[in-house]
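Participant: Got a structure for you, questions after.
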Amino acid sequence: MTITQAQEFVDSACKAFIMPPCEIQQCRARRAYYLPTSDVIRINPASEYSSNVQCVLHELAHHIAWVEQSHRHHGPFYMTCLLSLIDWHTHENDLMFKYEWKEEYKSLIRF
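One point on numbering: in this note's numbering, the residue at position 7 of the sequence shown is -7, and numbering is uninterrupted.
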């Protein structure tokens, strides 16, 4: 995911969740991170660990948790934010039925 793609993705999510914008910046670090004091997510487009959708969703959940309740850690509220973002991303992109579901998981998921 490029910086531009990540920024468009984050802008779309922030708009959907009625959140203030969050800026995407490039970094050299291997992993992405969120800076709550400046509402910045830093990713390294050259790193597969830092620039995939899952990583951007993870950091965006930190943004939402910080804006809503000043939470920085991976607690229950953060997890609610992350799961809400995954749900939004899945439905927004019609991903629910594109994956092969294992039989043991189908019983746990109600479609």
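Glycine included, C-beta positions come from ideal geometry on N, C-alpha and C. Bear in mind the structure is a predicted one, so any value in this text is a computation, not a measurement.
Please name the residue in H77, F3, R14, S56 whose C-alpha comes closest to that of S98.
Facilitator: The first residue shown for the chain is -13 and the last is 97, placing residue 98 beyond what the model contains.
Participant: Drop a sphere of 10 angstroms on the beta-carbon of Q55, count the other beta-carbons inside from all chains shown, and report buried for 16 or more, exposed for fewer.
Facilitator: Position 69 of the sequence shown, counted from the start, is the residue given in the question as residue 55. That one is exposed.
Participant: Go to Y64, then tell me how far its beta strand (DSSP E) extends in each direction, as first and last residue.
Facilitator: Translated into the one-based positions of the sequence shown, residue 64 becomes position 78. Y64 -> not in any beta strand (DSSP E); alpha helix (DSSP H) instead, spanning 62 to 78.
Participant: Flag this pair as yes or no: are the beta carbons of V39 and M(-13) separated by less than 8 Å?
Facilitator: Translated into the one-based positions of the sequence shown, residue 39 becomes position 53. Translated into the one-based positions of the sequence shown, residue -13 becomes position 1. Closer than 8 Å, so yes.
Participant: Can you tell me which residues form a DSSP beta bridge with E9?
Facilitator: Translated into the one-based positions of the sequence shown, residue 9 becomes position 23. Bridge partners of E9: V26.
Participant: Which residues mark the beginning and the end of the alpha helix (DSSP H) in which T(-10) is found?
Facilitator: If you number the sequence shown from 1, residue -10 lands on position 4. That run of the alpha helix (DSSP H) goes -11 to 2.
Participant: Where F3 and R17 are concerned, what is the direct C-alpha to C-alpha distance, given to the nearest angstrom?
Facilitator: Looking up residue 3 in the sequence shown gives position 17. Looking up residue 17 in the sequence shown gives position 31. Approximately 25 Å, taken between the alpha carbons.
Participant: Let me check one thing: in DSSP terms, what residues is Y19 bridge-paired to?
Facilitator: Indexing the sequence shown from 1 puts residue 19 at position 33. Note: Y19 sits in a beta bridge opposite R28.
Participant: Is the CB-CB distance between V26 and Q11 below 8 Å?
Facilitator: Here residue 26 refers to the residue found at position 40 of the sequence shown. Here residue 11 refers to the residue found at position 25 of the sequence shown. Their beta carbons are under 8 Å apart, which means V26 touches Q11 by this criterion.
Participant: Quick one, which of V53, K1, A(-1), S37 has its alpha-carbon nearest L21's?
Facilitator: For the purposes of this step, residue 21 is taken as the residue at position 35 of the sequence shown. Ranking V53, K1, A(-1), S37 by Cα distance to L21 puts V53 first.
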